[in-house]
Structures are given as structure tokens and as C-alpha cells.
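Enquirer: Reminder that position 556 of the sequence shown reads as 556 in full-length UniProt numbering, one-by-one numbering, no gaps.
The structure's right below; bear with me while I get my questions together.
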Amino acid sequence: METELIGDGRTPEEPEDDASVPGFHKIGPYRVLQQLGEGGMGVVHLALDGRGKAVAVKVLRPHVADDPDARARLAREVETLGRVRSPRVAPVFDADLEADQPYIVTRYVPGPSLDAKVRDDGPLGPDELLRLARGLTEALAAIHEVGVVHRDLKPGNVLLLDGDPVVIDFGIAHVAEASRMTMTGLVMGTPGYLSPEIVEGADVGPETDWWAWAATLVHASTGRPPFGRGGMEAVLARVCRGDADLRDVDPGLAPLLHAALDPDPARRPRSPEVLTALEAYAQGRPVTEALPSRSRVMPTQQPAGSTRVLPAEQAAPPARPQTDPWGGPVHPAYQAVPPPAPRPAPAPLQPRPGSSAWPMPGPDRQGDPRIGRARRSDVLAAALAALVALTAVAPLVALTVGILFSLVARTVDRSMTATVMRRHRQGVRRSDTAMAVAASPWHVVMAALATLLAMIFPLVVGGCATVAVAVLQSLVDGFGVRLGSPLPLAAGGLVAALVGWFGPASPSLRRGSRSLARGATPSSPMRWAVVGVLVGIALLLVGAILVDGLDVSWWPLAESPLPDATELPGR
Numbered sequence: 001m002e003t004e005l006i007g008d009g010r011t012p013e014e015p016e017d018d019a020s021v022p023g024f025h026k027i028g029p030y031r032v033l034q035q036l037g038e039g040g041m042g043v044v045h046l047a048l049d050g051r052g053k054a055v056a057v058k059v060l061r062p063h064v065a066d067d068p069d070a071r072a073r074l075a076r077e078v079e080t081l082g083r084v085r086s087p088r089v090a091p092v093f094d095a096d097l098e099a100d101q102p103y104i105v106t107r108y109v110p111g112p113s114l115d116a117k118v119r120d121d122g123p124l125g126p127d128e129l130l131r132l133a134r135g136l137t138e139a140l141a142a143i144h145e146v147g148v149v150h151r152d153l154k155p156g157n158v159l160l161l162d163g164d165p166v167v168i169d170f171g172i173a174h175v176a177e178a179s180r181m182t183m184t185g186l187v188m189g190t191p192g193y194l195s196p197e198i199v200e201g202a203d204v205g206p207e208t209d210w211w212a213w214a215a216t217l218v219h220a221s222t223g224r225p226p227f228g229r230g231g232m233e234a235v236l237a238r239v240c241r242g243d244a245d246l247r248d249v250d251p252g253l254a255p256l257l258h259a260a261l262d263p264d265p266a267r268r269p270r271s272p273e274v275l276t277a278l279e280a281y282a283q284g285r286p287v288t289e290a291l292p293s294r295s296r297v298m299p300t301q302q303p304a305g306s307t308r309v310l311p312a313e314q315a316a317p318p319a320r321p322q323t324d325p326w327g328g329p330v331h332p333a334y335q336a337v338p339p340p341a342p343r344p345a346p347a348p349l350q351p352r353p354g355s356s357a358w359p360m361p362g363p364d365r366q367g368d369p370r371i372g373r374a375r376r377s378d379v380l381a382a383a384l385a386a387l388v389a390l391t392a393v394a395p396l397v398a399l400t401v402g403i404l405f406s407l408v409a410r411t412v413d414r415s416m417t418a419t420v421m422r423r424h425r426q427g428v429r430r431s432d433t434a435m436a437v438a439a440s441p442w443h444v445v446m447a448a449l450a451t452l453l454a455m456i457f458p459l460v461v462g463g464c465a466t467v468a469v470a471v472l473q474s475l476v477d478g479f480g481v482r483l484g485s486p487l488p489l490a491a492g493g494l495v496a497a498l499v500g501w502f503g504p505a506s507p508s509l510r511r512g513s514r515s516l517a518r519g520a521t522p523s524s525p526m527r528w529a530v531v532g533v534l535v536g537i538a539l540l541l542v543g544a545i546l547v548d549g550l551d552v553s554w555w556p557l558a559e560s561p562l563p564d565a566t567e568l569p570g571r
């Protein structure tokens, strides 16, 4: 399918050099009529080409136009959009990245965004929701077909044209097999619509977009954010737990959305399974019959007041014309399984005469270092081993080290995340470093509060583990319950560390810890050296306990605060 333009199937045409309209300013050869919207990195205008056809012109803001990263992001968006062919995805027509004001020209979609529609008119009805689900499914199928992952699908990036969705904004789309750029301005996207793997800095794939597909449908059907409101850290924690608000979601569709919002990408339904489940929903059949067994089961009790399941005769897709209003062929609103065979790769878009080719290479791994970077799990595992061994010989020192590490990690994460979100709203600025330094005391205070609250549950569970192991040890050696001996202390320290790593409010700790590990081991030799040192410390401490009978030190206290066996109740 050829890219289409409102009014006909032709691409925009440059006006003659002497063509001008008094009262209108121009961006390149396009006459600007009005501003349509804006974001942290750019402004979108409604404009006319040389034949008077409406187009959308996206321009970088003046304060970021000179930033190579911003231009690289624009080039990435153009290259990505040029690979996708679908009426459900806004195509790109033109681009000029060498201009004083770099811009791209895309199809103008004269309709509201999904979030504006829901805000103004309330949640979508069953028929509208099914139409939205099918349209977004078609869009994602076309996007994934060319090896692209959108990564930022959300209500604000979905425009509605006569009830059908059109996906826009590929600013952080990821091309499979290509090196990641992870542009700073968009790497965090919008909290509440970021998949758990993006939050954790893991690899992304098509499952990431199906997660966002489900989150977008939850918002459309309830009018509420899928993971609630509140502070960013609280929202991201709900995302990582899979704690979605599915109240008021149609019970017939809820199991599919619940499965697609699973925190584990491996358990989410794939494209064919989503298509089959949608077909079942449209026919009034249970969607669970199309879901994979790996997907989690929905709770049997549905919330009161949910919308009823669509009967088959109501859910049948309406007949659609074979040509769209712009003269191009319409893709079917719904595809049966299996997906269609891949189309031939579309020819790349050509730059305007006189300008250089727009797919500029972008620098690797710029911006937020958390996405797509090494996770340094081996370094962190070695650090855990050293900390557990230290707990066995100096528990209070180990506790202090653990608390300080958590504080620093959470501070780093809050500072980096705040910078990324500020750049998402305002673009990259020279004042970013100064702003980060000025805000650091606040980040330290908030990280300290988060650390104090987050350590309560791990310490309780770790204490229980210490008691349990001490009791088991007493049954084996017959020397009584010794809470302050190395083995129970090490077991309690290990359990407490694992609960803190995976338990409540842990995403910030994990992200910050990995950032610290990457900063401390920038190269492979340094990484293995640090791992060797940490493992060596752990082995030395264990050897001192086993061979030399090293006593437990309760420094800075003079003696153990734990009761002896004779002091335990009932003895």
C-alpha cells in the first residue's frame, strides 16, 4: 500500500518558490495554519502543501534544534515511520533534518486523541471498544511486521478518525536487530503505560507493545489510568507487580487484558493469540479459550457494575468499504489467524531535492543508561555474597552497609529518573546538570524515607528466618538456640536481602543498584576484577569462621543485643 494523504493518494508537493500567502508563516515549503499540539521535544503544526492539502508538520523546539541527539531522534522517527504501511499508522511524507528548524511531515489526522475523547465523553462503549481494539491490533501487526517495536503506545499517541484509531509518535520506537539509541527525552515514556521490562531496563520485544495495547484499552474502557494515580514510584511499583485496576472492564474482555498485562513477557499472549481472543470476544465466546496456558487466570469474581458481554450478532464487524476516504486501499479491520505473509519491504522514502538523506546515524547508548545496558547481575550477586558473609561476622556493620547502599541506589535512581522525565517534558537543556545538583538534597531525603519504609518488611522476614535457622541448628547440634551464631545470622541476612530486592518498593532499588554497578565497572576487566574482589572477601570471611572459629562482632555495641538460649521464653 502506498502512503496516502487526506484528499487523495498523492504525497505533498512543494509550492513554487514565489508562492506565498499573506498572514501565514512557512516551515520549509509548508504554510502553517495553526498549532496542533506540543511535547517536550517538538511542536506539531497543521500546514498546507503546494496543492493546498493538509499535513502535520512536526518541528523540534528552538532550544533543542541544535542538539545532535534531538536531530538523531527525529531521523529515527522518520526512518521508523517510513517502514510501516497501514491506514492505522500515520505515514511520513517528507523530512528535512538539515534545516535550521528540522522537521518531518506526516499525515494529518483530523480527530481527537483517545485520552481527550475519554476525558470529554467518558469511557468507550462496547462497540467502540471493540473497534478500537481491532484497529490497534491491526496497527501493531503492521508495525511488528517490519521488525519495529513502538514502545510508547498510550492514549495520547492514538488519534481517532471516524471512530478508527491511528497510531502516531514513534519517537522511542525500537528497530529489531539495530543498535539502541535510547534517546534521553523519551526513554521513560509515560509512567503507567511503561511495560515492566522498560521500567526494569530489560530488553523489549513485541510483547511490550501488547502490554501497552492492554493498558490503553483499560483506560478507554474505564476512563482511569490502568495502574492508578499518585507518585511515579508508586505507579511504577504497581506496573512491576501487575496490579492493574480492571474494575468496570467488560468481563468478557478482562481476562485478555489481564493476561496481556502480566509482568512476565513470556506469559503474555502473542499476536495470533490476541487475534483469536478478540474474535472470541466479538462472537460472545469466552476469551480464555484462546489464551495460552502460561497466562495467569483472572479472579473468578468480577466487579459489580461491569459491562455485559457483547452478543455475537451485535459484535459482528460492520461491512467496510474497499477504499478509504483518501483513495488508498483499506486493510481489513480484523485478521484471522495466522497473520498474513510478510509484504515486500517498502521502498525507502526519498528526501527533498537539495537536502541530504535524512536517516542520520545516531550515537549509541546515549541518554538514560538503564535501557538496553548490561544489567551487571554477576557484580550484584558477588556483592550479595560478600554482604551475607559480612552479616555472619559483623551483623550491625553489614546492616549499616546495606542501608547505606540502598540509600545511595535509590537516590541515584530518583535523580536519573527525574532528569529523564524533565527532558521528556522540556527537552535537553544546558541547565540539566545544575538542576540535578540543586535537586539532589530533595532526592536524598525522599530516598531516605523510602529506604526506612522499605526495610521494615525485609528485616521482619529476615528476623523470622534467623530464628527458624537457629532452632533447626539447635536440633542438629544440641547446643541450644543461638540466635547470634554465624549460620542463623547469614541465613537471616540472605533472606532479608532477597526480600528487599524483590519485595515492595524494590524497582527503584534494582534500577539504582544496576546503575551503580555499571558505573563502578565500566569495562569488562574492571567488572571481573570487582567480582573477584567481592567473592574473595566472601571466601575469606567464611574461611575465618570455619577454620579459625572467628567470633561474631557486634561492633559498635559491646555485646550481642540478641538473647541467649537460656533467656528465651520457656527455657
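Backbone N, C-alpha and C define an ideal beta-carbon position, used for all residues, glycine too.
Kindly indicate the opening and closing residues of the beta strand (DSSP E) around R31.
Expert: Y30 to E38 is the extent of the beta strand (DSSP E) around R31.
Enquirer: If we count the other Cβ atoms within 10 Å of its Cβ and call it buried at 16 or more, is V533 buried or exposed?
Expert: It is exposed - the Cβ of V533 has fewer than 16 other Cβ atoms within 10 Å.
Enquirer: Assuming I104 is part of the beta strand (DSSP E), what are its boundary residues?
Expert: Looking at the DSSP string, the run of the beta strand (DSSP E) that includes I104 is Y103 to R107.
Enquirer: Could you name the residues that DSSP lists as bridge partners for D164?
Expert: Answer by DSSP bridge pairing, in chain order: L161.
Enquirer: Under 8 Å between the Cβ atoms of P556 and L399?
Expert: Contact flag unset, no.
Enquirer: Classify L124 as helix, strand or coil using the three-state DSSP reduction.
Expert: Of the three classes helix, strand and coil, the one that applies to L124 here is coil, per DSSP.
Enquirer: Short check: CB of V78 to CB of V92, under 8 Å?
Expert: The answer is yes: Cβ separation under 8 Å.
Enquirer: Can you list, in chain order, the residues of its chain whose CB lies under 6 Å from that of S560, leaving out five sequence neighbours each side?
Expert: G484 and W554, listed in sequence order.
Enquirer: In three-state terms, what does DSSP make of K117?
Expert: Correct three-state label for K117: helix.
Enquirer: Do you know offhand how far A529's Cα is from L380's?
Expert: If I take the Cα positions, the gap works out to 13 Å.
Enquirer: Just to check my reading of the structure: V118 and G223 have Cβ atoms closer than 8 Å, yes? What is that Cβ distance to the nearest angstrom?
Expert: Indeed, because the Cβ distance is near 5 Å, the residues count as touching under 8 Å.
Enquirer: Flag this pair as yes or no: are the beta carbons of V43 and Q35 separated by less than 8 Å?
Expert: For V43 and Q35, yes; Cβs fall inside 8 Å.
Enquirer: Grab me the residues of A277's own chain with a C-beta within less than 7 Å of its C-beta, minus the 5 sequence neighbours each way, in chain order.
Expert: Taken in chain order, the residues that qualify are L256, P269, V287, A290 and L291.
Enquirer: With distances taken between CB atoms, is the gap from L48 to A56 smaller than 8 Å?
Expert: Result no, Cβ atoms of L48 and A56 do not sit closer than 8 Å.
Enquirer: Taking the beta strand (DSSP E) that A54 falls in, what are its first and last residues?
Expert: Per DSSP, A54 belongs to the beta strand (DSSP E) from A54 to L60.
Enquirer: Tell me whether L562 is buried or exposed, calling it buried when 16 or more other Cβ atoms sit within 10 Å of its Cβ.
Expert: Its Cβ being crowded by 16 or more others within 10 Å, L562 is buried.
Enquirer: DSSP state of P317, grouped into three classes?
Expert: Note that P317 scores a pLDDT of 39, beneath 50, so its modelled location is shaky and nothing firm can be said.
Enquirer: What is the DSSP secondary structure of V89, counted as helix, strand or coil?
Expert: Correct three-state label for V89: strand.
Enquirer: Tell me where the beta strand (DSSP E) around G543 begins and ends.
Expert: Run containing G543: none in the beta strand (DSSP E); it sits in the alpha helix (DSSP H), S524 to D548.
Enquirer: Please work out which residues of its chain come closer than 7 Å, Cβ to Cβ, to L384, disregarding the five sequence neighbours upstream and downstream, and give them in chain order.
Expert: Hits under 7 Å: A497.
Enquirer: Considering only residues of the same chain and omitting the five flanking positions on each side of R375, which have a CB-CB separation below 6 Å?
Expert: The answer, listed in chain order, is R514.
Enquirer: By the three-class DSSP mapping on this structure, what secondary structure does L194 have?
Expert: Residue state, collapsed to three classes: coil.
Enquirer: Go ahead and label I198 buried or exposed: buried means 16 or more other beta carbons lie within 10 angstroms of its beta carbon, across all protein chains shown.
Expert: Under this definition I198 is a buried residue.
Enquirer: Closest to G549 by C-alpha separation, out of R482, V393, A448 and P488, would be which residue?
Expert: With distances taken between Cα atoms, G549 lies closest to V393.
Enquirer: Is it buried or exposed for P525, if we count other Cβ within 10 angstroms and need 16 for buried?
Expert: P525 comes out exposed.
Enquirer: Is it true that the CB of R510 sits closer than 8 Å to the CB of E233?
Expert: Going by C-beta atoms, E233 is not nearer than 8 Å to R510.
Enquirer: With DSSP run on the structure shown, which of helix, strand or coil describes S355?
Expert: Unreliable positioning characterises S355 in this predicted model, as indicated by a pLDDT of 37, which lies under 50. The coordinate reading is nonetheless provided below. S355 falls in the coil class under three-state DSSP.
Enquirer: Distance, Cα to Cα, P251 vs E207?
Expert: The straight-line gap from Cα to Cα measures roughly 23 Å.
Enquirer: Alpha carbon to alpha carbon, how far is A465 from G512? Give it in angstroms, no decimals.
Expert: Spanning the two alpha carbons is a distance of roughly 27 Å.
Enquirer: May I ask you to report which of helix, strand or coil DSSP gives G500?
Expert: Correct three-state label for G500: helix.
Enquirer: Near V412, what residues of its chain come up, given a Cβ to Cβ distance below 8 Å and the 5 sequence neighbours on each side ignored?
Expert: Counting only Cβ-Cβ distances below 8 Å, and skipping sequence neighbours, we find G512, S515 and L516.
Enquirer: Can you give me the Cβ contacts of A214 inside the same chain, cut-off strictly under 6 Å, excluding the 5 residues immediately before and after it?
Expert: Closer than 6 Å at the Cβ level, and outside the excluded window around A214, lie L257, A260 and L261.
Enquirer: So, under 8 Å CB-CB, A139 and S86 are touching, yes? Tell me the CB distance rounded to an integer number of Å.
Expert: Contact flag correct, Cβ pair sits at about 6 Å.
Enquirer: Keeping to the same chain, check which residues put their C-beta closer than 7 Å to that of G228; ignore five residues upstream and five downstream.
Expert: Closer than 7 Å at the Cβ level, and outside the excluded window around G228, lie V235, R238 and D245.
Enquirer: With S113 and V158 assumed to form a contact (beta carbons below 8 Å), what rounded beta-carbon distance in angstroms separates them?
Expert: So it is a contact: roughly 6 Å between Cβ atoms.
Enquirer: For L487, collect the residues of the same chain with a Cβ closer than 7 Å to its Cβ; drop the 5 residues on either side in sequence, then sort them by chain order.
Expert: If we look at L487 and ignore the five residues flanking it on each side, its Cβ neighbours are V469 and Q473.
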